[in-house]
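**Q**
2 protein chains.
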Amino acid sequence: MTDRKNSQGQTGGLRERKRRETLRRITEAGLKLFSTKGFEATTLDAIAAEAGISRRTFFHYFKSKDDILLSMQTGLGDSLTAALAGKAPGQRPLPALRAAVFELVAAYAPDDLLAIDRLMLSSQAVQSRKQATYLQDEALIFAALCEHWPEENPATLRLAALLCVGITRVAMEAWRRDGNRRPLADYVQDYFEALAGL
Amino acid sequence: MTDRKNSQGQTGGLRERKRRETLRRITEAGLKLFSTKGFEATTLDAIAAEAGISRRTFFHYFKSKDDILLSMQTGLGDSLTAALAGKAPGQRPLPALRAAVFELVAAYAPDDLLAIDRLMLSSQAVQSRKQATYLQDEALIFAALCEHWPEENPATLRLAALLCVGITRVAMEAWRRDGNRRPLADYVQDYFEALAGL
DNA sequence: TCCTATAATTGCACTCAGTGCAATTTAATA
DNA sequence: TATTAAATTGCACTGAGTGCAATTATAGGA
Numbered sequence: 003m004t005d006r007k008n009s010q011g012q013t014g015g016l017r018e019r020k021r022r023e024t025l026r027r028i029t030e031a032g033l034k035l036f037s038t039k040g041f042e043a044t045t046l047d048a049i050a051a052e053a054g055i056s057r058r059t060f061f062h063y064f065k066s067k068d069d070i071l072l073s074m075q076t077g078l079g080d081s082l083t084a085a086l087a088g089k090a091p092g093q094r095p096l097p098a099l100r101a102a103v104f105e106l107v108a109a110y111a112p113d114d115l116l117a118i119d120r121l122m123l124s125s126q127a128v129q130s131r132k133q134a135t136y137l138q139d140e141a142l143i144f145a146a147l148c149e150h151w152p153e154e155n156p157a158t159l160r161l162a163a164l165l166c167v168g169i170t171r172v173a174m175e176a177w178r179r180d181g182n183r184r185p186l187a188d189y190v191q192d193y194f195e196a197l198a199g200l
Numbered sequence: 003m004t005d006r007k008n009s010q011g012q013t014g015g016l017r018e019r020k021r022r023e024t025l026r027r028i029t030e031a032g033l034k035l036f037s038t039k040g041f042e043a044t045t046l047d048a049i050a051a052e053a054g055i056s057r058r059t060f061f062h063y064f065k066s067k068d069d070i071l072l073s074m075q076t077g078l079g080d081s082l083t084a085a086l087a088g089k090a091p092g093q094r095p096l097p098a099l100r101a102a103v104f105e106l107v108a109a110y111a112p113d114d115l116l117a118i119d120r121l122m123l124s125s126q127a128v129q130s131r132k133q134a135t136y137l138q139d140e141a142l143i144f145a146a147l148c149e150h151w152p153e154e155n156p157a158t159l160r161l162a163a164l165l166c167v168g169i170t171r172v173a174m175e176a177w178r179r180d181g182n183r184r185p186l187a188d189y190v191q192d193y194f195e196a197l198a199g200l
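If you read the protein sequences in the order shown, they are chains A and B.
Residue numbering for the first sequence follows the working numbering, beginning at 3 and increasing consecutively.
Residue numbering for the second sequence follows the working numbering, beginning at 3 and increasing consecutively.
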């Protein structure tokens with residue numbers, strides 16, 4: 003009836019459009035205040051005021067203050083399983099994962115993510131929860147591996163998931179530590195090669 | 003002067019003895035209440051009352067409610083670096099670590115730790131912080147490895163630390179999942195062997 | 001256009017974790 | 001015993017997060 007563009011789930015009605023807009027305003031307000039005042043020193047009242055909503059409404063969009071930052075995570079588990087789903091021919095698990103990681107890492111915008119990352123360091127709780135997501139990523143990838151290689155030893159697949167997430171993690175650490183002068187893919191390469199020297 | 007047995011830092015005065023006793027009472031009270039009422043439902047007032055102290059005093063012993071549980075962690079990083087310090091002859095890093103892990107895992111009391119572990123699952127925040135400690139363990143072990151094998155490629159040592167903590171972690175998961183009918187060392191063995199099949 | 005079901009926003013009152021401060025008690029020691 | 005330092009406590013406060021009920025805005029059909 004009304005002329006809403008519901009085709010790709012993109013616009014879909016005034017209600018949803020407003021909701022997305024409010025969500026955007028909250029995260030924007032949060033990011034702005036976190037980076038100026040610091041994470042801990044920023045109160046929810048301040049965020050709500052900056053976003054033009056009430057304090058109570060904030061909790062209809064996020065379950066906690068932490069979640070503003072956490073919601074901006076890349077979602078390594080989802081990305082990798084997706085990249086893995088398309089192409090699992092006759093390859094071994096680890097090389098397939100390796101390829102998927104490189105695919106991901108190729109398209110990576112340094113600056114935005116780095117800023118978020120730095121903010122996350124300022125809160126113990128946020129940092130912990132961020133690091134805990136690595137373990138969830140592992141679980142997701144392990145499940146995907148089990149589907150693609152059902153006859154493989156589960157312990158092997160478990161280790162493959164562990165290594166792939168772990169290598170990505172330490173590569174990003176090294177990359178950030180060096181002030182990203184070399185591309186992230188180089189660090190990933192380094193660690194995958196170091197695997198042979200064990 | 004006074005007859006305090008300060009030799010091994012064991013007793014050392016009324017003050018310290020009382021302090022240790024209070025600490026013990028708090029953790030005991032916490033554990034008791036957590037396991038009956040649940041972690042979230044247990045208030046600090048209840049813990050303080052049960053331990054016979056004031057609410058305010060609690061914070062002279064723990065920085066947060068979480069820390070009661072977190073303080074009972076094994077400290078994989080410390081244990082492993084200690085076990086590693088004694089014996090690093092001409093071995094390669096990973097085999098040396100492997101031996102150290104087996105040494106640790108041999109002396110492991112199932113029941114107590116398992117109860118703590120189950121309690122930690124009931125709080126998102128505690129669980130996250132627990133998982134985050136694995137990364138700190140990695141860092142500790144990596145530092146120790148760098149000292150013992152200064153001429154080795156750091157990336158290799160980084161991966162060794164990652165693997166050793168990771169394998170211990172997934173082994174404990176599998177062990178717990180199976181209701182620990184087999185000894186923990188068996189699971190560690192499984193994963194170390196699966197490493198070859200990658 | 002009007003009407004109704006449903007979703008979003010809000011205010012209010014509440015619980016609980018955690019902190020700062022200042023007073024008081026208790027142990028250590030000269 | 002007198003002095004010093006640590007431990008305990010109460011009080012008042014901030015801020016996160018929740019439950020509830022009232023209000024407002026949107027959706028979609030009559």
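Positions of the beta carbon are idealized from the N, C-alpha and C atoms, including for glycine.
DSSP state of Lys65(B), grouped into three classes?
**A** Mapped onto the second sequence, residue 65(B) falls at position 63. The answer is coil: DSSP assigns Lys65(B) none of H, G, I, E or B.
**Q** By the three-class DSSP mapping on this structure, what secondary structure does Gln93(A) have?
**A** Here residue 93(A) corresponds to residue number 91 of the first sequence, with the count starting at 1. In the structure shown, Gln93(A) sits in coil (DSSP, three-state: anything other than H, G, I, E or B).
**Q** Between Ser37(A), Ala109(A), Arg160(A) and Tyr136(A), which has its C-alpha nearest Ala176(B)'s C-alpha?
**A** Start at 1 with the first residue of the second sequence, and residue 176(B) comes out as number 174. Answer by Cα proximity: Arg160(A).
**Q** Taking a Cβ distance cut-off of 7 Å, strictly less, list which residues of the stretch 148 to 164 of chain B are near chain A, in chain order.
**A** Result list: Asn155, Ala157, Thr158, Arg160, Leu161, Ala162 and Leu164.
**Q** Between the C-alpha atoms of Arg131(A) and Leu116(A), what's the straight-line distance to the nearest angstrom?
**A** The residue you call residue 131(A) lines up with position 129 of the first sequence. The residue you call residue 116(A) lines up with position 114 of the first sequence. Cα to Cα, Arg131(A) sits roughly 17 Å from Leu116(A).
**Q** Return the residues of the stretch 163 to 193 of chain B that lie within a Cβ-Cβ distance of less than 7 Å from chain A, sorted by chain order.
**A** Residues Leu164, Gly168, Val172, Asp192 and Tyr193.
**Q** Which runs of the alpha helix (DSSP H) fall wholly inside the stretch 89 to 159 of chain B and span at least 4 residues, in chain order?
**A** Listed in chain order, they are 95 to 108, 112 to 122 and 126 to 150.
**Q** Just reading off the alpha helix (DSSP H) that Ser81(A) is part of, what are its end residues?
**A** Taking the first sequence and counting its residues from 1, the one referred to as residue 81(A) is at position 79. From DSSP, the alpha helix (DSSP H) with Ser81(A) extends over Leu78 to Ala87.
**Q** Using a 10 Å radius around the Cβ and a threshold of 16 neighbouring Cβ atoms, would you call Asp47(A) buried or exposed?
**A** Walking along the first sequence from the start, residue 47(A) turns up at place 45. Answer is exposed; the Cβ neighbour count stays below 16.
**Q** Have a look at Gln126(B) and Pro91(B) and give me their C-alpha separation to the nearest angstrom.
**A** Reading the second sequence from its first residue, position 124 is the one you call residue 126(B). Reading the second sequence from its first residue, position 89 is the one you call residue 91(B). Those two C-alpha atoms are separated by around 42 Å.
**Q** Once you ignore the five residues that flank Arg22(B) on each side, which residues in its own chain have a CB closer than 8 Å to its CB?
**A** Residue mapping note: residue 22(B) aligns to position 20 of the second sequence, counting from 1. Excluding residues within five positions, none has a Cβ falling inside 8 Å.
**Q** At a CB-CB cut-off below 7 Å, which residues of chain A make contact with Leu106(B)?
**A** Here the question's residue 106(B) lines up with position 104 in the second sequence. Neighbours of Leu106(B) on chain A: none; closest Cβ ~19 Å, over 7 Å.
**Q** Among the residues of its own chain, which have a CB less than 6 Å from the CB of Asp5(B), if the five just before and after it don't count?
**A** Counting from 1 along the second sequence, the entry for residue 5(B) is found at position 3. At Asp5(B), the pLDDT of 36 sits below 50, so the modelled position is not reliable; the number obtained from the coordinates is stated separately. Contacts found: none.
**Q** In whole angstroms, what is the alpha-carbon distance linking Ala108(A) and Leu186(A)?
**A** Residue numbering aside, residue 108(A) sits at position 106 when the first sequence is read from its first letter. Residue numbering aside, residue 186(A) sits at position 184 when the first sequence is read from its first letter. Rounded to whole angstroms, Ala108(A) to Leu186(A) spans 8 Å at the Cα level.
**Q** Using the rule of at least 16 other Cβ atoms within 10 Å of the residue's Cβ for burial, across every protein chain shown, is Ala198(B) buried or exposed?
**A** Counting from 1 along the second sequence, the entry for residue 198(B) is found at position 196. Answer is exposed; the Cβ neighbour count stays below 16.
**Q** Suppose the cutoff is 8 Å on Cβ atoms and the five residues either side in sequence are ignored; what does the same chain contact list for Glu105(B) look like?
**A** Locating residue 105(B) in the second sequence gives position 103, counting from the first residue. Closer than 8 Å at the Cβ level, and outside the excluded window around Glu105(B), lie Ala85.
**Q** Within 8 Å of any Cβ in chain A, is that where the Cβ of Gly133(B) sits?
**A** If you number the second sequence from 1, residue 133(B) lands on position 131. The amino acid at residue 133(B) is misidentified as Gly; the sequence shows Gln. Cβ-Cβ to chain A under 8 Å: yes for Gln133(B).
**Q** Between Gly32(A) and Leu25(A), what straight-line distance do the alpha-carbon atoms span, to the nearest angstrom?
**A** The sequence position of residue 32(A) within the first sequence is 30, counting from 1. The sequence position of residue 25(A) within the first sequence is 23, counting from 1. For Gly32(A) and Leu25(A), the distance between alpha carbons rounds to 11 Å.
**Q** Given Arg100(A), which residues of its chain have a CB within under 8 Å of its CB, disregarding the five upstream and five downstream residues?
**A** Translated into the one-based positions of the first sequence, residue 100(A) becomes position 98. Cys166 and Phe194.
**Q** Mind checking if Leu197(A) is an interface residue toward chain B, Cβ cutoff 8 Å exclusive?
**A** Here residue 197(A) is taken as the residue at index 195 of the first sequence, counted from 1. Chain B, which has a Cβ nearer than 8 Å to the Cβ of Leu197(A), makes this yes.
**Q** Assuming contact is defined by CB atoms lying nearer than 8 Å, are Leu78(B) and Asp119(B) in contact in what I supplied?
**A** Residue mapping note: residue 78(B) aligns to position 76 of the second sequence, counting from 1. Residue mapping note: residue 119(B) aligns to position 117 of the second sequence, counting from 1. For Leu78(B) and Asp119(B), no; Cβs fall outside 8 Å.
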